[in-house]
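In my numbering, the protein residues as written are 68 to 139. First comes the structure, then the notes that go with it.
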Ligand code: FES
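Here it is as C-alpha cells:
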C-alpha cells in the first residue's frame with residue numbers, strides 16, 4: 068500500500084526502515100522523504116512505523132524459554 072503519494076513510499080518501505088533502525092517520523096522523513104511535501108501522510112506513516120516497531124520488539128516465538136535461567 069502506498070502511504071505517501073507525493074514521494075511514492077509504501078508501507079513495506081516504512082517497515083523496512085523500521086527494521087533498519089528508524090525510530091521516528093523524522094527518521095522516515097530523512098531516509099524516505101515521507102511527509103516532506105504536503106504532509107497528509109504523516110499520521111499514517113507514524114502509525115505504520117509504530118506498528119512495525121511494536122512487532123519488532125516482541126521476542127521471536129520460543130525466545131522466552133531460551134531466556135529463562137537454568138536452575139540446576
Ligand atoms: S502524501 Fe506524503 S508528503 Fe504528500
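Don't be surprised by glycine CBs; every beta carbon is placed ideally from N, CA and C.
Continuous alpha helix (DSSP H) stretch holding residue 70: start and end | As a first step, residue 70 is located in the chain shown; it is residue number 3 there, counting from the start. That residue, residue 70, is in no alpha helix (DSSP H); its beta strand (DSSP E) goes 69-71.
Nearest-angstrom Cα separation, counted from residue 122 out to residue 132 | Counting from 1 along the chain shown, the entry for residue 132 is found at position 65. Counting from 1 along the chain shown, the entry for residue 122 is found at position 55. With a pLDDT of only 49 at residue 132, under 50, the local geometry of the prediction cannot be trusted, and the value read off the model is given with reservation. Cα-Cα distance, rounded: 19 angstroms.
Report the option in 99, 90, 91 and 120 whose CA atom is closest to the CA atom of residue 77.
-> Numbered from its first residue, the chain shown carries residue 77 at position 10. The candidate whose alpha carbon is nearest that of residue 77 is 99.
Compute every distance between the C-beta of residue 74 and the non-hydrogen atoms of the ligand FES, then say whether any falls below 7 angstroms.
-> As a working note, residue 74 is residue 7 in the chain shown. It does: the Cβ of residue 74 is within 7 angstroms (strictly closer) of some heavy atom of the ligand FES.
Per-residue burial, residue 87 [other beta carbons within 10 Å of its own, 16 or more giving buried] | Within the chain shown, residue 87 is the residue found at index 20, counting from 1. Flag for residue 87 reads exposed.
Look up residue 115 in the DSSP assignment and say whether it is helix, strand or coil.
-> Position 48 of the chain shown, counting from 1, holds the residue named residue 115. Three-state result, residue 115: helix.
Buried or exposed: residue 79, going by 16 or more other Cβ atoms within 10 Å of its Cβ?
-> What you label residue 79 is simply residue 12 of the chain shown in a count that begins at 1. Exposed is the call here.
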